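I have placed the structure first, in the form of structure tokens, so that the comments after it can refer back to it.
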Amino acid sequence: MLEHGERIANPPRYYCQPSSILADGELTVEEQIIALKNWRDDINLRLIAAEENMGSGTSDVTLVSEIDNLLCFLESTETDKI
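Counting along the sequence shown from 1, when you hit position 25 you're at 25 in UniProt numbering, and nothing is skipped either side.
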């Protein structure tokens, strides 16, 4: 069960790309949303560090965009259930 929580808290360690979170049948939609937001927060911290000349890649910006698109999809799915 620890791994389950760790996948939500630290998704880049367990998934090669953000869309892989959606394919994980063990996570609920709510958990997928939390995992994606955690991943996005980690990237945003790296981007802030990059602005302070601490290094980062442009691929992070692409990942943030992908995560935002996935979050929009999941959140609209949740809204449709209401």
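Here a beta-carbon is modelled for each residue, glycine too, at the ideal position from N, C-alpha and C. Predicted model, so just to flag it, every value in this text is computed and none were measured.
- The region 1 to 62 contains, as complete alpha helix (DSSP H) runs of 4+ residues, the segments 2 to 9, 19 to 23, 29 to 51 (chain order).
- A straight line joining the alpha-carbon of Ser-65 with that of Ala-50 spans about 17 Å.
- At a Cβ-Cβ threshold of 8 Å, Asn-38 and Pro-11 count as neighbours.
- Apart from sequence neighbours up to five positions away, the residues of its chain that approach Tyr-15 with a beta-carbon distance below 6 Å are Ile-21, ordered along the chain.
- A buried status is given to Ile-67, since no fewer than 16 other beta-carbon atoms sit within 10 Å of its beta-carbon.
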